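K.L.:
Counting in this note's numbering, the sequence shown runs from 738 upward without gaps.
Please read through the structure below; I'll follow up with questions.
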Amino acid sequence: MSVFRYGESHLPEQCGRFLIIGNHISIFDGNTGIYWPVKPLDFSKGRFDESLAFPLLIQPRGFVDPFHRALEPSVAASLSAEQRQYDCDDTAFIFFDTEQYPSAMDCDIMRKFYPAWLTFCDLYLLHGHLLIYWKAAQYFYAKKYICQIYIPYPFASRRVFYIMPHVIYNPTILMLQLSRYPFHTLKTVPQTSDNRSTGLLLQAGFVRQEMAGAYIYLHLGLRVLENIKKIVREELDAIGCSEILMTSFGTREHWEKTGRWDTMDNLFKVEGASGKYYALNPTHEEIVTPLMQEFIESYKDLDTCAVYQFQTKFRNEARAKSGILRGREFLMKDLYSFHRNSEDLDVFFEEVRKAYVRIYSRLGLGESTRYVFASGGAFSKYSYEFQTDLGIGEDDVYVCSKCGQAHNEEIVDPMGFVCVECASKEYTIVQACEVGNIFKLGTRFSNDFGLGYTDALGKKQEVVMGCYGIGVSRIMGVIAEKFMDEKGLIWPENVAPFTHYMIVIGDHLEEAKKLAERLETEGATVLIDDRNTGFGAKAGDADLLGIPQRIVLSDKTLAQGGYELKGRTESESRIVPIR
């Protein structure tokens, strides 16, 4: 291997490998030896900070690559024997210093450091992270080319745009065959809660109820949860937060130190073998605050100090009849931030608010989710909630008719509504369900644990905190309730367990698998219904499961030159040619 270096003296030990086929990028998992296809996002819709350096490792591939079948035979045939046998030893590495070269998109700069047959093509973002897109122009036609990109991770700065390891470690694009699937749908909707969506989730095989307020998530349900987590994770990582995982148990001593052991009505208390009592954490201020004491000493430690987790929470709810909308055991994302003063908290607080807006937009809830003033703020007059309009929601939200600001009923004066923003007295009432909240905690918990820092003058100061929650499993229930129809569930594409439900009629399973493979290289995820049942049963389950696109592959569609495609909410289908 010949290695050309610029700006660095060694190669990172770990590299993520990416294969470009046409317009799509596949991620190589070294543990399994499998390429996971991922559809790239348009660069114009992403974010890129040109002040940051960006390291790359590029390795062109010849036609010995196992994915050479993606090339047109006429292209391969036109190449010389030397070109077809081109090996993979010529590797180039470059560290892009954007201070020295202000534009990472300058073709002339790229040509200066790379072999002549590599030409710069385009920039893409993958889940908000920068990829540079190349083509081997001398060897391939303009729309058919292949090469590999190696991008080292993790980088020194977490704000550098990179491919996050969780994308590689959590692939969600393997096709599923229902004939080999252990779970099945039910013929009728179970009546176990006060809302229809929970019944549909049970009927469709997304969840099973263990007891009131506690649910098991089957394979399809888990995929939805993971898709929601993925969106949340990407947006929080983008603003500099660090993911951790804390314990479900909390010590009695910590809960007594904050005074909440005896004052929190819904706290589960568990007796251990030694007779000591522990808390099953409904929230994690009592855990994260003493944890961060070890890492916060100086004001410099508070430049970007925000940690979050996805964790099962436990609350001893007196009434748990709303399915996964309100449970005794539920999945939550909780984020905690630590700051020098209230001004720093205000700045980060606004960053999180904007990140939440992006999250709900990507979840398909953006247009119906409001930023709501509520009570409970420890460091400011109000706390803030994100409430999604929902007919079975538990909260009445007062919306100002003049400025549109939303208010939780609990802060509305019994003597009459007055908008906290514009003082208007005109309003409308909307039923809604809380899907997130953000609080300015101030020094409420840091002082309880003696968490402080030393400022630039050597003086001891108080740490100011914020906390930010999103109910992941509750959001799944909100989406199910909001978008269902008389036929079943309707998932937005970003959270759907699969993007395509493929119905196979007749002896066409092999054609279905090949079509699924091609769709997956384009970023789709495919469920193949190859069960030995009739079309009516398969079409009914396709609607019940709520997967965005339905494909039918049969003698009839193949005779018409392709497969039938219909959207979940569309009334008409169309024939799509099989390329």
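All C-beta atoms in this analysis are idealised placements derived from N, C-alpha and C, irrespective of residue type, glycine included.
Bear in mind the structure is a predicted one, so any value in this text is a computation, not a measurement.
#1: Give every residue of the same chain whose Cβ lies closer than 7 Å to the Cβ of Ile953, excluding the five residues on either side of it in the sequence, and list them in chain order.
#2: CB-CB under 6 Å to Tyr1205, same chain, minus the five flanking residues each way: which ones, in chain order?
#3: Bridge partners for Ser1074 per DSSP, in chain order?
#4: Where Phe1005 and Asn1053 are concerned, what is the direct C-alpha to C-alpha distance, given to the nearest angstrom?
#5: Considering only their Cβ atoms, is the gap separating Leu1302 from Arg1311 smaller than 8 Å?
#6: When you compare the CB positions of Val1200 and Ile1033, do they come within less than 8 Å of one another, or not?
#7: Between Lys1037, Val1084, Gln914 and Ala1057, which has its C-alpha nearest Gly1203's C-alpha?
#8: Runs of 3 residues minimum, wholly inside the stretch 970-1032: which ones carry the beta strand (DSSP E) assignment?
#9: Does the distance from the C-beta atom of Gly936 to that of Phe920 stay below 8 Å?
#10: Use the C-beta contact count for Leu793: other C-beta atoms within 10 angstroms, 16 or more gives buried, fewer gives exposed.
#11: Rounded to whole angstroms, what's the CA-CA distance from Val1263 to Ser1079? Just pull it up for me.
#12: Output the distance between the C-alpha atoms of Lys1013 and Gly987, rounded to the nearest integer angstrom.
#13: Is it buried or exposed for Gly1128, if we count other Cβ within 10 angstroms and need 16 for buried?
#14: So, does the stretch 1124-1144 touch the stretch 1157-1177, judging by three or more C-beta pairs under 8 Å?
#15: Could you check whether Ala1111 and Ser1120 sit closer than 8 Å to each other, using their CB atoms as the reference points?
#16: The alpha helix (DSSP H) with Tyr1274 in it runs from where to where?
#17: Give the secondary structure of Asp1132 by DSSP, where H, G and I count as helix, E and B as strand, and everything else as coil.
#18: For Val1007, does the count of other Cβ atoms within 10 angstroms reach 16, so buried, or fall short, so exposed?
#19: Do the stretch 1277-1286 and the stretch 1231-1241 touch if we need at least three Cβ pairs shorter than 8 Å?
#20: What does DSSP give as the partner residues of Arg1305 in its beta bridges?
#21: What number of angstroms, rounded off, separates the C-alpha of Ala975 from the C-alpha of Ala1043?
#22: Give me the Cβ distance between Arg989 and Glu980, rounded to the nearest whole Å; I'm assuming they're in contact under 8 Å.
#23: Hey, could you find the ends of the alpha helix (DSSP H) Met1213 is sitting in?
#24: Does the stretch 992-999 come close enough to the stretch 1063-1077 to have 3 or more Cβ pairs within less than 8 Å?
#25: Would you call Phe1272 buried or exposed, if buried means 16 or more other Cβ atoms sit within 10 Å of its Cβ?
#26: What does DSSP give as the partner residue(s) for Ile1165 in the beta ladder?
#27: Would Ile1212 and Leu1100 be called neighbours here (beta carbons separated by less than 8 Å)?
#28: Using only the alpha-carbon positions, how far apart do Met912 and Leu1252 sit?
#29: Out of Ser1035, Gln1046, His956 and Phe1186, state which residue places its alpha-carbon closest to the alpha-carbon of Met983.
#30: Relative to the alpha-carbon of Leu1068, which residue among Asn932, Asp1266, Asn1018 and Gly1130 has its alpha-carbon at the smallest distance?
#31: Are there 16 or more other CB atoms within 10 angstroms of the CB of Gly1179, so buried, or fewer, so exposed?
P.N.:
Let me spell this out:
#1: Cβ neighbours of Ile953 beyond the five flanking positions: Val944, Arg945 and Glu947.
#2: Cβ neighbours of Tyr1205 beyond the five flanking positions: Leu1072, Val1089 and Ile1175.
#3: Beta-bridge partners assigned by DSSP to Ser1074: Ala1043 and Gly1203.
#4: If you draw a straight line from the Cα of Phe1005 to the Cα of Asn1053, it is about 6 Å long.
#5: Less than 8 Å separates the beta-carbon of Arg1311 from that of Leu1302.
#6: Note that the C-beta distance between Val1200 and Ile1033 is below 8 Å.
#7: That would be Val1084, whose Cα lies nearest to the Cα of Gly1203.
#8: Taking 3 residues as the shortest admissible run, the stretch 970-1032 contains the following complete beta strand (DSSP E) segments, listed from N- to C-terminal end: 986-988, 1005-1008 and 1014-1017.
#9: Cβ atoms of Gly936 and Phe920: not closer than 8 Å.
#10: Because the pLDDT at Leu793 is just 31, under 50, the model does not fix this residue reliably, and the value given afterwards should be weighed accordingly. Classification of Leu793: buried, given that the 10 Å Cβ count is 16 or more.
#11: In a straight line, the C-alpha of Val1263 is about 48 Å away from that of Ser1079.
#12: As the crow flies, the alpha-carbon of Lys1013 is around 12 Å from that of Gly987.
#13: Looking at its Cβ environment, which holds fewer than 16 other Cβ atoms inside 10 Å, Gly1128 is exposed.
#14: Under the 8 Å Cβ criterion, the stretch 1124-1144 counts as touching the stretch 1157-1177, having at least three qualifying pairs.
#15: Going by C-beta atoms, Ser1120 is nearer than 8 Å to Ala1111.
#16: The displayed chain sequence assigns Ala, not Tyr, to residue 1274. Ala1274 -> alpha helix (DSSP H) spans Phe1272 to Leu1282.
#17: Here Asp1132 sits in strand by DSSP.
#18: A residue is called buried when at least 16 other Cβ atoms come within 10 angstroms of its Cβ; Val1007 does not meet this threshold and is exposed.
#19: Three or more pairs of CB atoms, one per stretch, sit closer than 8 Å, so the stretch 1277-1286 contacts the stretch 1231-1241.
#20: Arg1305 is not bridged to any residue.
#21: Rounded to whole angstroms, Ala975 to Ala1043 spans 12 Å at the Cα level.
#22: In this structure, Arg989 and Glu980 do not form a Cβ contact; the two beta carbons are roughly 27 Å apart against a cut-off of 8 Å.
#23: That run of the alpha helix (DSSP H) goes Val1209 to Phe1220.
#24: No, because fewer than three Cβ pairs between the stretch 992-999 and the stretch 1063-1077 fall closer than 8 Å, the two stretches do not touch.
#25: Per the 10 Å Cβ criterion, exposed.
#26: Correcting the residue identity first, residue 1165 is Thr in this sequence and not Ile. By DSSP's assignment, Thr1165 forms a beta bridge with Val1136.
#27: In contact: Ile1212 and Leu1100 (Cβ atoms closer than 8 Å).
#28: Using only the alpha carbons, I get a separation of about 11 Å.
#29: Ranked by how close their Cα comes to the Cα of Met983, the residues Ser1035, Gln1046, His956 and Phe1186 have Gln1046 in first place.
#30: The candidate whose alpha carbon is nearest that of Leu1068 is Asn1018.
#31: Buried is the label assigned to Gly1179, since at least 16 other Cβ atoms lie within 10 Å of its Cβ.
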